[in-house]
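Enquirer:
In this note's numbering, the protein residues as written are 25 to 141.
(1) Can you list, in chain order, the residues of its chain with a C-beta nearer than 7 Å to that of residue 52? Leave out the 5 residues immediately preceding and following it.
(2) Applying the criterion that 16 or more other CB atoms from any shown protein chain within 10 Å of the CB defines a buried residue, is residue 113 buried or exposed?
(3) Within 10 Å of its beta-carbon, does residue 111 have 16 or more other beta-carbons around it, so buried, or fewer, so exposed?
(4) Out of 44, 98, 55, 104, point me to the one whose CA is closest to residue 124's CA.
(5) Buried or exposed: residue 120, going by 16 or more other Cβ atoms within 10 Å of its Cβ?
(6) Tell me which residue opens and which closes the alpha helix (DSSP H) that residue 80 is part of.
(7) Taking all protein chains shown into account, decide if residue 117 is buried (16 or more other Cβ within 10 angstroms of its Cβ) or exposed.
(8) So, is residue 42 buried or exposed, given that buried needs 16 or more other C-beta atoms within 10 angstroms?
(9) Between which two residues does the beta strand (DSSP E) holding residue 97 run?
(10) Rank 135, 130, 64 by C-alpha distance to the C-alpha of residue 49 and give the top, closest one.
(11) Return the bridge partner residues of residue 129 from the DSSP annotation.
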């Protein structure tokens, strides 16, 4: 009967919380304090990358890298459902955050043209 008391908004909020916890768990720092992002295989769509980007912009502000430029040694969004538009959103997000990306993995997505990069 508790499930019946939950509104759709409560359910959506719970799903968003689970999704954000999953995203945070897939961010790691190596011994040199360089970021690794492992978002591969999540079936993320262009709409999903917009949500992730909004979340990451807020999350990256809490990383406290101060005046030191943050670097991502690996950003892995392979095996998702991103198009060139989604890939552009991803790249704009890292650019906005001032994070340099050394290795970007986008294989096994739905990218047909790179014109938007």
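From the three backbone atoms N, C-alpha and C, an ideal C-beta is built for every residue, glycine too. Quick caveat, the model's predicted, so the values are computed rather than measured.
Expert: Considering the structure as presented:
(1) In the chain shown, residue 52 corresponds to position 28, counting from 1. Counting only Cβ-Cβ distances below 7 Å, and skipping sequence neighbours, we find 60.
(2) Numbered from its first residue, the chain shown carries residue 113 at position 89. So residue 113 ends up on the buried side.
(3) The residue labelled residue 111 in the question sits at position 87 within the chain shown. By the 10 Å Cβ count, residue 111 comes out buried.
(4) Counted from its first residue, the chain shown places residue 124 at position 100. Ranking 44, 98, 55, 104 by Cα distance to residue 124 puts 98 first.
(5) Stepping through the chain shown from its first residue, residue 120 is reached at position 96. Looking at its Cβ environment, which holds fewer than 16 other Cβ atoms inside 10 Å, residue 120 is exposed.
(6) Here residue 80 corresponds to residue number 56 of the chain shown, with the count starting at 1. Taken as a continuous stretch (DSSP letters only), the alpha helix (DSSP H) holding residue 80 covers 70-84.
(7) Position 93 of the chain shown holds residue 117. Answer is buried; the Cβ neighbour count reaches 16.
(8) Here residue 42 refers to the residue found at position 18 when the chain shown is read from its first residue. The residue is exposed, with fewer than 16 neighbouring Cβ atoms inside 10 Å.
(9) One-based indexing of the chain shown puts residue 97 at position 73. Element bounds for residue 97: 95-100.
(10) As a working mapping, residue 49 is identified with position 25 in the chain shown. Cα-wise, what sits closest to residue 49 is 64.
(11) In the chain shown, counting from the first residue as 1, residue 129 sits at position 105. Answer is 100, bridged to residue 129.
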